[in-house]
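Accompanying notes for the structure given below.
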Amino acid sequence: MDGALTARRVAGLALFALVAAFPYLYRLPPFDQVLDPFRTFQATRLMIWLVVLMGLNLLTGYSGQISLGHGALVAIGAYTAAVLMREYGVPVVLAVLAAGVFTGAIGFLLGLPALRLTGPYLAIATLAMMLALPQILKLNGIRELTGGVSGLLLSTPRAPGAVDGFMTDRQWLYYACAVPALVMTLLAWNVTRSHVGRAFIALRDAEIGAQQMGINVPLYKMIAFALSAFYAGIGGGLFVFTEGFMSPDTFDVNLSITMLVVVVLGGLTSIGGTVFAAFLMTFRNDLVDAMASLGVLKVPGAIVPGKEQAPETLRGALYGTVLILTVVFMPQGLAGFMRGLQERRPWKRWLQAARMPRRRTVPVGHPASPARKTRGGER
Amino acid sequence: MDTRRAHVATAKQPMGEFVQQAATGLATGSVYAVLALAIVLIYQSTKVVNFAQGEMAMLSTFIAWSWLSRFDYWPAFFLTLAVSALLGAALERVALRPVESAPALNSVIVTLGLFTIFDSLALWRWGGVPRPFPSPGVFSGSPLAVGTITISRLNIGIFCTSVVIMALLFAFLNFTKAGLAMRAAAENPAAARMVGIRVAHMLSIGWALSAAVGAVAGMLLAPILALQPSMMFGVIIFAFAAAVLGGLNSLPGAIVGGLTLGIAQNLAGTYVSPHTGSIDVTVAFLVIVLVLVVKPAGLLGRQVKRRV
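The structure is reproduced here in structure tokens:
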């Protein structure tokens with residue numbers, strides 16, 4: 001509040017300036033080497049993923065429920081916005097908001113059974129929804145609205161006449177997505193730092209304990225589902241607005257699983273982690289290509305002769321391996337890893353360990369003693 | 380499943396068609412039941428829903444396929460069961476044990492990781508082209524006529540094999556020392572450990588058993604669906620729905636759920652789909668949601684009370 005220019009604030013302002021000026025940066029000398037208008041398009045995508053993944057993290061990270069069908073919610077949002085714009089000529093802003101509200105309602109309904117349950121039920125139910133959605137979109141009566149197999153085609157989004165001359169369509173789309181993404185991120189920031197966010201975490205970690213503390217568990221679970229789906233709906237609306245196309249296969253099971261992968265990798269229960277996740281989601285193909293060019297995917301091909309070709313198909317194996325390794329060794333994700341570096345400064349310990357011989361004995365009965373380790377599921 | 384021909388043959392008798400579809404559904408349902416058994420076997424003992432179950436079965440079927448060029452059907456069949464069991468136990472050791480005491484979310488994520496790994500490995504090793512998969516000679520030949528309905532020998536074979544597997548599993552869990560120890564370890568790990576059961580081994584055996592049971596389902600389905608990496612995508616959700624319908628912690632429930640779902644799917648395909656477009660997966664989705672809203676424990680499952 002004192003307006004002092006701390007390093008943190010300067011960094012924040014610089015970041016904000018970068019996000020705000022990004023679509024124009026490719027014209028400036030130092031940036032024109034690495035940026036081009038295509039990067040603006042990717043940045044637009046990044047903003048949309050940020051909204052979608054923020055919702056997934058609110059649900060999975062903060063309230064501890066797994067959604068394997070988040071893609072289905074995004075698709076519902078996209079279809080809602082598309083139908084509203086196409087059939088009824090609703091303005092974009094209203095259509096996207098309506099998509100968020102409608103998808104939020106669907107998420108709320110889907111969460112109802114989970115109010116009485118703990119465990120993997122929501123994961124199964126959302127997986128089933130993800131698999132059933134393409135079929136539902138093609139049903140008679142719904143097909144007429146959704147375009148069935150062939151999907152929906154919207155007119156290409158144009159920048160409004162008022163910004164003619166100093167903003168291209170691509171730049172306009174970037175801002176049209178960056179502003180909502182910023183607002184939604186701030187919203188998530190505030191929610192997770194309010195009593196609502198703390199209630200989410202409490203019911204994730206100890207549902208009965210949370211109840212004892214006077215937290216209305218069903219209410220907060222409902223809020224978590226609805227909020228998460230609202231984010232997915234907004235993201236879907238923005239997606240269809242920028243893409244201009246939506247078909248039943250745009251969001252499939254693999255994409256839903258990929259969303260979960262990047263959120264876990266980025267860091268559950270962390271806004272910064274979600275930003276990481278959005279980067280990973282946007283550039284996942286580039287990352288895999290980079291790894292492939294480093295020869296990571298060629299190793300299995302070298303083991304099985306004749307299979308050096310098509311390392312493309314090993315992409316899934318790479319995702320899966322990274323996912324499992326993350327969950328086992330870095331359950332807090334990249335965000336947690338960074339936080340750990342910041343807080344613990346492990347390099348000091350490493351230096352010390354290098355100097356001193358390792359000798360560590362733990363008394364029996366101490367929490368860290370192996371004898372006290374209990375197995376899961378033993379309640 | 381092979382319903383279209385039967386549909387034409389009996390379309391003129393409404394009751395006959397109903398029975399015909401129900402009978403065909405029984406064969407489909409028996410495979411769902413076997414797959415649901417595999418899911419329940421793991422859930423019961425480790426509280427993990429194995430989302431990789433379908434892909435494990437698919438991988439087992441590919442293993443069987445690669446041996447069929449060298450062996451007859453039945454030797455390849457049993458060899459596959461053995462290898463699948465070993466792989467299942469190894470998976471539990473390598474992938475699941477590190478996250479055992481972590482929150483449930485972690486083990487679900489691990490099984491999802493396994494799902495993508497298996498899918499991708501199969502696609503890389505064998506490609507996406509559907510391959511024919513043989514069924515044993517006994518299962519082929521002209522369909523059998525029972526009263527007003529006809530059933531293909533393949534469907535009868537599928538049903539019978541499933542019943543045999545269920546009976547073997549039942550016998551193992553009820554009449555052998557290892558089976559009883561497994562149930563004890565699932566029921567109450569602490570008490571089981573106290574009477575000298577090695578609970579950790581039992582978890583591995585549970586995974587092994589589940590992988591072998593899943594392999595049977597894969598090999599039964601492959602002649603119908605054609606062997607390919609995405610073979611189980613459309614099937615596994617019915618197995619999940621069956622497991623939820625019967626109760627995730629009840630083995631008899633898995634059988635009841637599987638058969639019910641198979642019949643429901645076939646009947647919906649005959650009577651509803653012509654008017655709405657295909658709805659089989661939607662039926663599975665609705666079954667899951669309905670069960671969770673009305674009776675979350677499932678038809679035969681027990682409601683687990685949590686101690687604070």
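Protein sequence lines, in the order shown, are assigned to chains G and P.
Going left to right, the first sequence walks through residues 1 to 379 as the numbering used here numbers them.
Going left to right, the second sequence walks through residues 380 to 687 as the numbering used here numbers them.
Where a beta carbon is used, it is the ideal one built from N, C-alpha and C, also for glycine.
Handout entry: Assigned exposure category for arginine 144 of chain G - 16 Cβ within 10 Å defines buried
Key = By 1-based counting over the first sequence, the position of residue 144 of chain G is 144. In the sequence as displayed, the identity of residue 144 of chain G is glutamate instead of arginine. The residue in question, glutamate 144 of chain G, is exposed, as its Cβ has fewer than 16 Cβ neighbours within 10 Å.
Exercise for the section: Taking C-beta pairs closer than 7 Å, name the residues in chain P that valine 327 of chain G reaches, listed in chain order. Expected result: In the first sequence, the residue the question calls residue 327 of chain G occupies position 327. Residues of chain P whose Cβ lies closer than 7 Å to the Cβ of valine 327 of chain G are, in chain order, Val478, Asn485, Ile488, Val489.
Exercise for the section: Look at glycine 632 of chain P and glycine 625 of chain P and say whether their C-beta atoms are less than 8 Å apart. Expected result: Residue 632 of chain P sits at position 253 when you count from the first residue of the second sequence. Residue 625 of chain P sits at position 246 when you count from the first residue of the second sequence. Yes, these two residues count as a Cβ contact at 8 Å.
Handout entry: Contact check, alanine 565 of chain P vs serine 424 of chain P, beta carbons under 8 Å
Key = Taking the first residue of the second sequence as position 1, residue 565 of chain P is located at position 186. Taking the first residue of the second sequence as position 1, residue 424 of chain P is located at position 45. Yes, these two residues count as a Cβ contact at 8 Å.
Practice task
Could you check which residue in P:Thr459, P:Gly637, P:Phe619, P:Thr527 has the C-alpha nearest to that of tryptophan 444 of chain P?
Solution key: Counted from its first residue, the second sequence places residue 444 of chain P at position 65. Of all alpha-carbon atoms in P:Thr459, P:Gly637, P:Phe619, P:Thr527, the one lying nearest the alpha-carbon of tryptophan 444 of chain P is that of P:Thr459.
Problem - Any C-beta of chain G under 8 Å from that of leucine 679 of chain P - result: Within the second sequence, residue 679 of chain P is the residue found at index 300, counting from 1. Not an interface residue.
Exercise for the section: For leucine 133 of chain G, count neighbouring C-beta atoms within 10 Å of its own C-beta (all shown protein chains included) and say buried if the count is 16 or more, exposed if not. Expected result: Counting from 1 along the first sequence, the entry for residue 133 of chain G is found at position 133. Leucine 133 of chain G sits buried, since 16 or more C-beta atoms from the chains shown fall within 10 Å of its C-beta.
Handout entry: Beta carbon proximity, proline 675 of chain P to chain G, threshold 8 Å
Key = Position 296 of the second sequence, counted from the first residue, corresponds to residue 675 of chain P. When Cβ-Cβ separations below 8 Å define contact, proline 675 of chain P makes contact with chain G.
Practice task
Helix, strand or coil for valine 90 of chain G, going by three-state DSSP, please let me know.
Solution key: The sequence position of residue 90 of chain G within the first sequence is 90, counting from 1. Note: valine 90 of chain G maps to coil in three-state DSSP.
Handout entry: Selection from G:Leu127, G:Val83, G:Arg8 that minimises the alpha carbon distance to phenylalanine 430 of chain P
Key = Walking along the second sequence from the start, residue 430 of chain P turns up at place 51. Ranking G:Leu127, G:Val83, G:Arg8 by Cα distance to phenylalanine 430 of chain P puts G:Leu127 first.
Problem - Sequence ranges, alpha helix (DSSP H) only - wholly within the region 191 to 233 of chain G, length at least 4 - result: If we require 4 residues or more, the alpha helix (DSSP H) runs fully inside the region 191 to 233 of chain G come out as 195 to 205, 207 to 212.
Practice task
Counting only the same chain and skipping the five closest in sequence on each side, list residues whose C-beta sits under 7 Å from that of valine 489 of chain P.
Solution key: As a working note, residue 489 of chain P is residue 110 in the second sequence. Non-local beta-carbon contacts of valine 489 of chain P in its own chain, meaning distances under 7 Å to residues more than five positions away in sequence, involve Ala474, Leu475, Val478 in chain order.
Practice task
Can you say whether methionine 394 of chain P is buried or exposed, counting buried as having 16 or more other CB atoms within 10 angstroms of its CB?
Solution key: In the second sequence, the residue the question calls residue 394 of chain P occupies position 15. Looking at its Cβ environment, which holds fewer than 16 other Cβ atoms inside 10 Å, methionine 394 of chain P is exposed.
Handout entry: First and last residue of the uninterrupted alpha helix (DSSP H) at valine 322 of chain G
Key = Here residue 322 of chain G refers to the residue found at position 322 of the first sequence. Element bounds for valine 322 of chain G: 315 to 329.
Handout entry: Which of helix, strand or coil DSSP assigns to methionine 380 of chain P
Key = The residue labelled residue 380 of chain P in the question sits at position 1 within the second sequence. Its pLDDT being 45, under 50, methionine 380 of chain P is placed unreliably by the model, and nothing is read from it.
Exercise for the section: Compare the C-beta of isoleucine 421 of chain P against all C-beta atoms of chain G and say whether one is closer than 8 Å. Expected result: The residue labelled residue 421 of chain P in the question sits at position 42 within the second sequence. Not an interface residue.
Problem - Min CB distance leucine 549 of chain P to chain G below 8 Å - result: Here the question's residue 549 of chain P lines up with position 170 in the second sequence. Checking the displayed sequence, the identity of residue 549 of chain P turns out to be phenylalanine instead of leucine. No - not a single Cβ of chain G is within 8 Å of the one on phenylalanine 549 of chain P.
Handout entry: Rounded C-alpha distance that separates alanine 415 of chain P from glycine 593 of chain P
Key = Within the second sequence, the letter at position 36 stands for residue 415 of chain P. Within the second sequence, the letter at position 214 stands for residue 593 of chain P. Their Cα atoms are separated by approximately 9 Å.
Problem - Under the three-state DSSP convention, the category threonine 529 of chain P falls into - result: Your numbering for residue 529 of chain P matches position 150 in the second sequence. Strand, per DSSP.
Handout entry: Inter-residue CB distance, leucine 154 of chain G and methionine 85 of chain G (contact presumed, cutoff 8 Å)
Key = Position 154 of the first sequence, counted from the first residue, corresponds to residue 154 of chain G. Position 85 of the first sequence, counted from the first residue, corresponds to residue 85 of chain G. Leucine 154 of chain G to methionine 85 of chain G, Cβ: 6 Å. Contact.
Problem - Nearest-angstrom Cα separation, counted from glycine 636 of chain P out to isoleucine 584 of chain P - result: Here the question's residue 584 of chain P lines up with position 205 in the second sequence. Here the question's residue 636 of chain P lines up with position 257 in the second sequence. Cα to Cα, the separation comes out at about 24 Å.
Exercise for the section: Starting from the beta carbon of arginine 315 of chain G, find every residue of chain P whose beta carbon is closer than 8 Å, and list them in chain order. Expected result: As a position in the first sequence, residue 315 of chain G is number 315, starting the count at 1. Simply Ser499.
Handout entry: Under 9 Å from the C-beta of alanine 663 of chain P: neighbouring residues of chain G
Key = Indexing the second sequence from 1 puts residue 663 of chain P at position 284. Scanning chain G for C-beta atoms nearer than 9 Å to the C-beta of alanine 663 of chain P yields Ala128, Leu131, Ala132, reported in chain order.
Practice task
Kindly indicate which three-state DSSP category leucine 152 of chain G falls into: helix, strand or coil?
Solution key: Here residue 152 of chain G refers to the residue found at position 152 of the first sequence. Here leucine 152 of chain G sits in strand by DSSP.
Handout entry: Counterpart residues of phenylalanine 245 of chain G in DSSP-defined beta bridges
Key = Taking the first sequence and counting its residues from 1, one reaches residue 245 of chain G at position 245. Per DSSP, G:Leu153.
Problem - Beta-carbon spacing of alanine 601 of chain P, threonine 403 of chain P below 8 Å - result: By one-based count along the second sequence, residue 601 of chain P stands at place 222. By one-based count along the second sequence, residue 403 of chain P stands at place 24. For the 8 Å CB-CB criterion, alanine 601 of chain P and threonine 403 of chain P do not form a contact.
Problem - Beta-carbon contacts of valine 327 of chain G that lie in its chain and below 6 Å, excluding the five residues immediately before and after - result: Mapped onto the first sequence, residue 327 of chain G falls at position 327. Result list for valine 327 of chain G: empty, nothing under 6 Å.
Practice task
Provide the residue(s) that pair with arginine 681 of chain P in DSSP beta bridges, ordered along the chain.
Solution key: Residue numbering aside, residue 681 of chain P sits at position 302 when the second sequence is read from its first letter. In the DSSP assignment, no residue is bridged to arginine 681 of chain P.
Problem - histidine 654 of chain P classed as buried or exposed, judged by whether at least 16 other C-beta atoms fall within 10 angstroms - result: Within the second sequence, numbered from 1, the residue matching residue 654 of chain P stands at position 275. Its Cβ having fewer than 16 others within 10 Å, histidine 654 of chain P is exposed.
Handout entry: 8 Å Cβ cut-off: residues of chain G touching phenylalanine 619 of chain P
Key = For the purposes of this step, residue 619 of chain P is identified with residue 240 of the second sequence, where counting begins at 1. For the C-beta of phenylalanine 619 of chain P, the chain G residues within less than 8 Å are, from N- to C-terminus, Ile124, Leu127, Ala128.
Practice task
May I ask you to list, following chain order, the residues of the region 241 to 265 of chain G that have a beta carbon less than 9 Å from some beta carbon of chain P?
Solution key: Those would be Val253, Asn254, Ile257, Thr258, Leu260, Val261, Val264, in chain order.
Exercise for the section: Per DSSP, which residues does arginine 510 of chain P bridge with? Please list them. Expected result: For the purposes of this step, residue 510 of chain P is identified with residue 131 of the second sequence, where counting begins at 1. Looking at the DSSP output, arginine 510 of chain P bridges to P:Leu606.
Exercise for the section: Give a yes or no on whether the C-beta atoms belonging to phenylalanine 241 of chain G and alanine 224 of chain G are separated by under 8 Å. Expected result: The residue you call residue 241 of chain G lines up with position 241 of the first sequence. The residue you call residue 224 of chain G lines up with position 224 of the first sequence. In this structure, alanine 224 of chain G does not lie closer than 8 Å to phenylalanine 241 of chain G by Cβ.
Problem - Cβ of lysine 138 of chain G within 8 Å of any chain P Cβ - result: Here residue 138 of chain G refers to the residue found at position 138 of the first sequence. Lysine 138 of chain G counts as touching chain P.
Practice task
Compare the C-alpha of tryptophan 446 of chain P against each of P:Phe538, P:Val670, P:Thr407, P:Phe512 and name the closest.
Solution key: For the purposes of this step, residue 446 of chain P is taken as the residue at position 67 of the second sequence. Looking at P:Phe538, P:Val670, P:Thr407, P:Phe512, the one whose alpha-carbon comes closest to that of tryptophan 446 of chain P is P:Phe512.
Exercise for the section: Could you check which residue in P:Asn485, P:Gly680, P:Arg504, P:Val413 has the C-alpha nearest to that of leucine 438 of chain P? Expected result: Residue mapping note: residue 438 of chain P aligns to position 59 of the second sequence, counting from 1. Comparing Cα positions, the closest option is P:Arg504.
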